[in-house]
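Heads up: the structure comes next, in structure tokens.
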Amino acid sequence: DQERNEFTEKALTKVAQLYLDDENWESALPVLERLEEQADFSQNITFAQSNLMKGHYELEHYQDAVAYAEKVLQRPKLEKRIRSDAKIIIARSALKTGDEAKAQQAYSEVEKIASGELKAEALYYDAYFKNQEGNYKVSNTVVQKLVSDYAAYKYYGAKGLIVMAKNYDELDDAFQATYILESVIKNFSDYDEVVQEAKEELSRIKTEESKTNESVNPDRN
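Residues 36 to 256 (our numbering) are what the sequence shown spells out, left to right.
Structure representation (structure tokens):
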């Protein structure tokens, strides 16, 4: 609380870290803003900006989150992990605000540099956007890579399988689509949201199939 002195930067960093440890974003943000403004050490500026990026995202201030992510990406000698975090914040924020074109671009960049769960997330969205564009076979190839190479990340694997089912449905293979969705419902019960999406998609496909069957049944008037 005193005038800026030799201990200010260190004190701000410690206070910010305490708030971050408690995920108290509301209290952390003003401290991080002051640290960004007053820090002399480059790593502390990066620390402040990267956490301001995360904090604004967590508080659903998506435009501010993107602004700080773009600031972070301009920092010199940026660690690969922090660069990846900034790209993923831009991608997620763009999705939240309905800017799918920006999200697609950001996720394609994440895919090039990420590993582990972030890589799985990026692959899922690659498959998702290819499905949206009508590139169903290519989308399926991406899902196969996701499921085989990143099997540990079951949430994105399960969501990828739903995209695969949608692809097969668009490719007029309702049998394969139904089989995949039933497998998701059976094997991913830990993910209620994913199972619900699979059930809704399965119901939709079965409804469409029943209409088709009725239209070709010669015994119906």
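Cβ coordinates follow ideal geometry from the N, Cα and C atoms, glycine included. These figures come from a predicted structure and were not determined experimentally.
Quick check: what's the CA-CA separation for Glu71 versus Glu41? Going from the Cα of Glu71 to the Cα of Glu41 covers about 16 Å.
Have a look at Ala259 and Ile124 and give me their C-alpha separation to the nearest angstrom. Examination of residue 259 is not possible in this model, given that the chain is present from 36 through 256 alone.
Which term fits Tyr185, buried or exposed, when burial requires 16 or more other beta carbons within 10 angstroms of its beta carbon? Under the 10 Å beta carbon count, Tyr185 is surrounded by 16 or more other beta carbons and is classified as buried.
Going straight from the alpha carbon of Asn256 to that of Asp204, what length do you get? A caution first: Asn256 carries a pLDDT of 41, below 50, which makes its placement in the model unreliable, though a value can still be read off. When rounded, the distance between both Cα atoms is 28 Å.
N- and C-terminal bounds of the alpha helix (DSSP H) containing Thr213: Judged by DSSP secondary structure, Thr213 falls within the alpha helix (DSSP H) whose first and last residues are Ala209 to Asn222.
Can you round the beta-carbon distance between Ser128 and Val107 to whole angstroms, since I take them to be within the 8 Å contact cut? Not confirmed; about 13 Å, so no contact.
Environment of Ala121 [buried if 16+ CB atoms lie within 10 Å]: Answer is buried; the Cβ neighbour count reaches 16.
How big is the Cα-Cα spacing for Asp56 and Leu94? Our two residues, Asp56 and Leu94, have alpha carbons roughly 16 Å apart in a direct line.
So, does the stretch 129-144 touch the stretch 169-177, judging by three or more C-beta pairs under 8 Å? A contact between stretches requires three or more CB pairs, one per stretch, nearer than 8 Å, and the stretch 129-144 fails this requirement with the stretch 169-177.
Sort Ile197, Gln52 and Asp208 by Cα distance to Glu235 and report the nearest one. Among Ile197, Gln52 and Asp208, the Cα nearest to that of Glu235 is on Ile197.
Report the rounded CA-to-CA distance for Ile117 versus Tyr142, giving the unit in angstroms. Their Cα atoms are separated by approximately 15 Å.
Beta-carbon within less than 8 Å of Lys189's beta-carbon, same chain only, minus the 5 sequence neighbours each way: which residues are those? Excluding residues within five positions, the ones whose Cβ falls inside 8 Å are Phe223, Asp225 and Tyr226.
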